[in-house]
Amino acid sequence: MTELKTVKTDVVLVGAGIMSATLGALLRLLEPNWSITLVERLDGAAAESSDPWNNAGTGHSALCELNYTPQRSDGTVDITKAVHVNEQFQVSRQFWSYAVDNGVLPDVRSFLNPIPHVSFVHGAENAKYLRARYDALVTNPLFATMEYIDDEAEFARRLPFMAAKRNFSEPVALNWTQDGTDVDFGSLSRQLIGYTAQRGMTTLFGHDVRDLHKESDGSWTVKVVNRRNGNKRKINAKFVFVGAGGGALPLLQKSGIKEAKGFGGFPVGGQWLRSGNPELAAMHQAKVYGAPPLGAPPMSVPHLDTRVINGRSYLLFGPFAGWSPKFLKQGKVTDLPLSVKPNNLVSMLGVGLTEVSLLKYLIGQLALSEADRVDALREFAPSAVDSDWELDIAGQRVQVIRRKGAGGVLEFGTTVLTADDGSIAGLLGASPGASTAVPAMLDVMERCFPERFTAWQPKLKEMVPSLGVQLSTEPKLFEEVWARGTEILKLNEPKAQVAAAQAVASA
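Here numbering that gives the first Met the number 0 is used: the first residue of the sequence shown is 0, the next is one more, and so on.
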């Protein structure tokens with residue numbers, strides 16, 4: 000048998016979603032002479048979790064997500080996580096501003112649109128909590144523009160679709176932030192990948208990473224198969240990043256790094272009700288998040304969202320949980336069972352015994368009919384009509400199971416794993432995921448290239464002026480970077496004005 004020829008490269012990126020796209024662009028900007036190879040099992044970029052139909056597209060900045068602001072036993076609200084998530088989003092926003100200003104992202108409106116972020120509750124006790132949340136957040140510079148609304152007429156003016164046929168005998172309340180965003184992470188990923196590819200990155204679409212192992216010199220040999228014709232190849236890289244969404248865990252397990260031992264994954268599917276009715280979309284221009292159902296995981300908080308995809312507005316409501324043993328929407332039913340290893344068996348079993356409420360929630364969700372789902376929507380929009388909505392299958396999320404004590408714990412967040420020598424890294428988990436891609440990848444770069452990271456600091460400060468600074472404690476700097484970002488990202492311009500400007504620019 001002929002020995003496969005090995006191609007050498009500096010960096011291998013596994014997966015063509017927002018994480019690899021972001022890391023590739025950052026490295027190309029910092030190290031224009033490095034060779035980079037992107038390997039993606041599907042035939043296009045951002046076709047899994049980063050696809051706009053597979054996620055909510057919320058620029059997660061903790062403006063509306065109630066699970067980031069838990070209420071303490073004394074009635075006060077803990078905003079620690081909300082501030083942390085918002086700080087992370089500010090880093091992403093600054094990099095996007097730099098990328099637009101420097102031609103990395105040529106079409107800002109295709110991936111970013113201004114949409115208010117809104118928290119919504121009903122009932123006297125819930126309204127009391129929302130007021131306490133507002134009081135806790137509004138004194139922080141990052142949340143200073145938030146409004147508290149409990150007036151029926153103002154509610155109806157701002158959210159006419161949700162007000163129609165509503166019985167206002169029960170109190171309603173909103174936390175309203177005008178300067179939220181809707182993000183098409185698919186378009187964003189494709190633009191970033193396009194920029195890097197035009198500057199020398201090799202892209203292998205339709206190729207599957209089957210194995211990877213470490214060489215004696217510290218590099219990695221990645222075995223790749225062309226899914227169309229079965230041809231095999233080997234790629235030797237100094238650094239490997241596994242940004243393959245739900246597919247990251249199996250590859251990190253194959254790598255054999257000790258940092259991945261003990262980790263497991265629990266797949267949770269998602270479903271949305273979707274409406275393309277332009278009249279409804281015109282009546283609802285906001286992302287409105289409610290309170291999670293009893294026993295529901297944090298990423299299942301119900302929300303009624305405006306989505307802007309390919310220049311057209313849609314409404315999405317959900318998510319409703321589905322379940323499949325697949326780790327990817329286009330994965331295999333063997334993904335979950337094959338991920339169970341001797342080193343994570345205890346973690347997996349421990350979670351199975353402790354997450355009874357989650358199991359009950361999933362069973363209840365799977366039993367829902369389409370009429371049941373529209374009934375759930377009517378808690379947000381009482382006038383909703385079944386025929387305006389269709390069921391759409393969203394992407395798979397693999398929640399992290401981490402070893403803890405003698406068992407395991409299920410985590411709802413994003414986890415970065417890096418080998419102790421910095422030669423390989425990977426990202427596990429879900430929300431707020433995509434919105435924090437830039438700080439997550441800067442974390443990877445700092446861990447994996449500590450010596451170079453120091454030399455990169457001046458350039459990184461151009462990209463992210465607040466790097467290393469908490470903007471919540473530097474209000475003047477926050478005002479500066481926010482105002483500049485708003486101008487560059489055209490978030491203060493009406494859509495028609497932006498479209499006209501783009502038409503003139505392209506002419």
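Using N, Cα and C, we set each Cβ at its ideal position, and we do this for glycine too.
With 16 or more other Cβ atoms inside 10 Å of its own Cβ, Pro318 counts as buried. When secondary structure is reduced to three states using DSSP, Trp481 falls in the helix class.
Between Ser91 and Thr435 the beta-carbon gap is near 6 Å, inside 8 Å, which marks them as a contact.
Going by DSSP, Lys460 is part of no beta strand (DSSP E) but of the alpha helix (DSSP H) stretching over 449-462. The beta carbon of Ala131 lies closer than 8 Å to those of Gln70, Gly74, Thr75, Val76 in the same chain, with the five residues before and after it left out. In the DSSP assignment, Glu151 falls within the unbroken alpha helix (DSSP H) covering 151-157. Distance from Ser465 to Gln89 at the Cβ level is roughly 7 Å; contact confirmed, criterion being Cβ atoms closer than 8 Å. With a cut-off of 8 Å on Cβ pairs, the segment 143-159 is not in contact with the segment 96-108, counting fewer than three such pairs. Around the beta carbon of Arg157, 16 or more other beta carbons sit within 10 angstroms, so the residue counts as buried. Rounded to whole angstroms, the gap between the alpha carbons of Met18 and Thr138 is 33 Å. When DSSP states are grouped into helix, strand and coil, Phe265 belongs to the strand group. In this chain, the alpha helix (DSSP H) harbouring Trp95 covers 79-100. Taking C-beta atoms under 8 Å as the contact rule, Val84 and Ala61 qualify, at a distance of about 4 Å.
Approximately 40 Å separates the beta-carbon atoms of Tyr288 and Ser422; this is outside 8 Å, ruling out the contact. If you draw a 10 Å sphere on the C-beta of Asp385, you find fewer than 16 other C-beta atoms in it, and that means exposed.
About 6 Å separates the beta carbon of Thr21 from that of Leu191, a gap short enough to meet the 8 Å contact definition.
Here the alpha carbon of Glu214 sits roughly 51 Å from the alpha carbon of Leu367. Judged by beta-carbon spacing, Val224 lies within the 8 Å limit of Asp207, meaning their Cβ atoms are closer than that value. Annotation: Asp9 to Ser338 spans about 29 Å, alpha carbon to alpha carbon.
Note on geometry: alpha-carbon atoms of Gln469 and Leu141 lie some 10 Å from one another. The alpha-carbon of Leu251 is positioned some 34 Å away from that of Leu390. Bounds of the beta strand (DSSP E) holding Asp391 are 389-392.
Taking the Cα of Met462 as reference, the smallest distance to any Cα among Lys475, Ser96, Lys286, Asp50 is reached at Ser96. With contacts defined by Cβ atoms closer than 8 Å, Ala320 and Gly268 form a contacting pair.
Residues Ala44, Ala45 of the same chain have their beta carbon placed closer than 7 Å to that of Arg189, with the five preceding and five following residues left out of the count.
DSSP lists Arg306 as the bridge partner or partners of Tyr313.
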